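Protein chains in written order, with my numbering: chain A, 1 to 334; chain B, 1001 to 1334.
Where is the CB? At the ideal position from N, CA and C, for every residue including glycine.
In this text, all values refer to a predicted model and were calculated from it rather than measured experimentally.
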DNA sequence: CTCTCCCTGTAGAACGTTTTCTCGTAGTAT
DNA sequence: ATACTACGAGAAAACGTTCTACAGGGAGAG
């Protein structure tokens, strides 16, 4: 008699269609053991009542939520935004929902956050470049199924990532082939895995190219880090700067403009990632384009494969492509 | 005997602590009618087993999921990214999770998407600038509790938004006080509500300022829309351009640079929103700063109030602030 | 000393589904 | 004509939790 206003339940549909609630459930789920005519009657009753199965109750009995969690260290970072975008769209296309968890770079919180979100989802896509390898190995089993983005290979968790070493190699090659021999590398978060990959690539280049010198200056990962180190960069006497990412490069460009330093005339500058605005700085930024949206799509594919018991996706590595724009040129003759 | 590998349930904790399962539930939820000593024993048992209450089962019985959905038309748009960021962080701080749904500007999908996400969440924050008012009114009751972002006042749904009219007025005043009299307004999505607000503000300015002429050119909402209309802008003979948003302005700036048109020397350009990169274009963009992160925070506050039965938040309007940078100047003397 | 009240712990219903198991009926083959 | 098979539909258990009744026991008061 009561509960008029409440959402219609499966029993309401059953009552209206004059069948048992189990028949409704079967009819709604397209179970072939139900008479077509009856199934249609049930569908009609459901439509009349505007009935939709309660996903929470469904999740409880089925043990799956049709939802995955994405743990992201910083929603402000364009790269993570792009990964989220690609992932979200791919997951939506497969009928899944996406829970987004911004860990705000809080390393302690990250751990708990990932575990907590896992409880209400079917899997976790983890972007945690700064987390210690030890912690990660301890965390991953509790998260399974999981997908790790931009980390080294894991024991039993699929990994998708970009080959930062390759991108960095292309950048260095580009600069050296232009004639640069004295470079500065603006390092990002030194704990991050993607930093290590770049560092190694630079070291390799130094031992490969004759007379190449690369000075490392620790900057950071954001715009302000780039502006902050401008003076140290100028003092170094280098002819080209390899910034940790586009944000740092753009910050540096901005500071150089203020100081009336010509780019690329007096100094060449490169970024990394090819974020949406990298093409629109002045001069436009030469950078290594990381296919971040595709990274998100691939991460979903790896998750989806685990969820549906498909083939275990092997580690997938996408290769950044060098995009030469206006911020690099041959060094000025002395 | 079986189920060794399964997550520990409340009964496992009860068994270990030597109490009934309902006692465990009460102890875990801090119910004061349980003996402190016993409560502690239960907590210890739970900790030993690494027990955490299954949120899905919890949601089913409690009727709430501790999750809200955010429907966003385009995850690529910096403004929505900022709203999401502010919202996500505020919600997380209050112990809520955020489900993100990218409607990809698909107006038909948007409707169904909002309804679907509502079923697995406690409320929906709706960003749908293009949805027809009629549709919105029909949709909102099904979504309740809901919060609408950047739309006109609603019957019984809290609204948070920015005063686009005010921002536009400031921009026009800024340009006219610099001496500009012939302006171009690059219109965005003509169906969008935020477009209408700007249009009205411009119309008001035209009737207020003596000799002011504003030509409207329909462009779009993204970078490419700005580049595409560059020639029409130049042909118009205007001395200043009011772009629909920063993206359009940046696209225009880029096209103007290619055409060797000096900004602000030959042409002043303004944006809207103050997205993160607006400060770093060349010249830096004069724009009306929309506090998008705060918009997200406010949207959460309005949702949280409804969820906790607090005071019904009245419609909240944040005022954009004019940020004068290098892209505007007095018109060149003829 | 006994009665009553209160405090603490236990059993069980409820949340809304899915799904297994069982039963009934109808059709076919012997 | 009877028995067996097959198929469709209903009853009931299960998912893992919360919370309302309810019962039992101890202590304080009359």
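- The region 93-103 of chain A makes contact with the region 1078-1092 of chain B; the number of CB pairs closer than 8 Å reaches 3 or more.
- The way I'd put it, the region 1192-1207 of chain B doesn't touch the region 1224-1238 of chain B; fewer than three beta-carbon pairs between them come closer than 8 Å.
- Of A:266, A:151, A:84 and A:220, the smallest CA-CA separation from residue 329 of chain A is found for A:266.
- Annotation: the region 132-194 of chain A contains the following complete segments of the beta strand (DSSP E) (minimum length 3 residues), in chain order: 146-149, 159-162 and 182-187.
- The C-beta of residue 1330 of chain B comes no closer than 8 Å to any C-beta of chain A.
- Between residue 150 of chain A and residue 161 of chain A, the C-beta spacing is below 8 Å.
- When Cβ-Cβ separations below 8 Å define contact, residue 1102 of chain B makes contact with chain A.
- Cβ contact annotation for residue 324 of chain A (same chain, cutoff 8 Å, sequence separation greater than five): 174 and 286, in chain order.
- Contact between residue 1259 of chain B and residue 1289 of chain B does not hold, since their C-beta atoms are separated by about 28 Å, which reaches or exceeds 8 Å.
- The beta carbon of residue 1272 of chain B sits no closer than 8 Å to any beta carbon of chain A.
- Within chain B, the C-beta atoms nearer than 7 Å to that of residue 55 of chain A come from 1119 and 1120, in chain order.
- Ranked by Cα distance from residue 1198 of chain B, the first of B:1076, B:1080 and B:1271 is B:1271.
- Taking all protein chains shown into account, residue 1170 of chain B has 16 or more neighbouring C-beta atoms within 10 Å of its C-beta and is therefore buried.
- Contact between residue 1074 of chain B and residue 1049 of chain B fails: their C-beta atoms lie close to 45 Å from each other, not under 8 Å.
- Here DSSP, grouped into helix, strand and coil, assigns residue 25 of chain A to helix.
- Here residue 97 of chain A is bridged, per DSSP, to A:67.
- Annotation for residue 1131 of chain B: 1107 and 1110 place their beta carbon closer than 7 Å to its own, counting only its chain and skipping 5 residues before and after.
- For residue 1048 of chain B, the uninterrupted alpha helix (DSSP H) run begins and ends at 1036-1049, by DSSP.
- For residue 140 of chain A against residue 154 of chain A, the beta-carbon gap comes to about 6 Å, under 8 Å, which counts as contact.
- Per DSSP, residue 1240 of chain B is one residue of the beta strand (DSSP E) stretching across 1240-1243.
- For residue 1211 of chain B, the CB contacts under 6 Å within the same chain, skipping 5 residues up- and downstream, are 1181 in chain order.
- Residue pairing by DSSP puts residue 268 of chain A in a beta bridge opposite A:240.
- For the options A:81, A:82, A:76 and A:66, the alpha carbon positioned closest to that of residue 95 of chain A is the one of A:66.
- Just so you know, the alpha carbons of residue 1331 of chain B and residue 1226 of chain B end up roughly 21 Å apart.
- In the displayed model, residue 82 of chain A falls within a helix according to three-state DSSP.
- Residue 273 of chain A is classed as buried because its beta carbon has at least 16 other beta carbons within 10 Å across all chains shown.
- Residue contact check for residue 147 of chain A against chain B: no CB pair falls below 8 Å.
- Within chain A, 85 have C-beta atoms less than 7 Å from the C-beta of residue 1076 of chain B, given in sequence order.
- The beta-bridge partner set that DSSP reports for residue 1126 of chain B consists of B:1071 and B:1148.
- Residue range 1055-1062 is occupied by the alpha helix (DSSP H) that includes residue 1056 of chain B.
- Taking 8 Å as the CB threshold, residue 111 of chain A stays off the interface with chain B.
- A buried status is given to residue 145 of chain A, since no fewer than 16 other beta-carbon atoms sit within 10 Å of its beta-carbon.
- Using a Cβ distance threshold of 8 Å, residue 1224 of chain B and residue 1251 of chain B count as a contacting pair.
- Close partners of residue 1052 of chain B in chain A (Cβ separation under 7 Å): 119.
- Residue 320 of chain A and residue 72 of chain A have their C-alpha atoms spaced approximately 21 Å apart.
- Against chain A, the CB of residue 1092 of chain B has a partner CB under 8 Å away; the residue lies at that interface.
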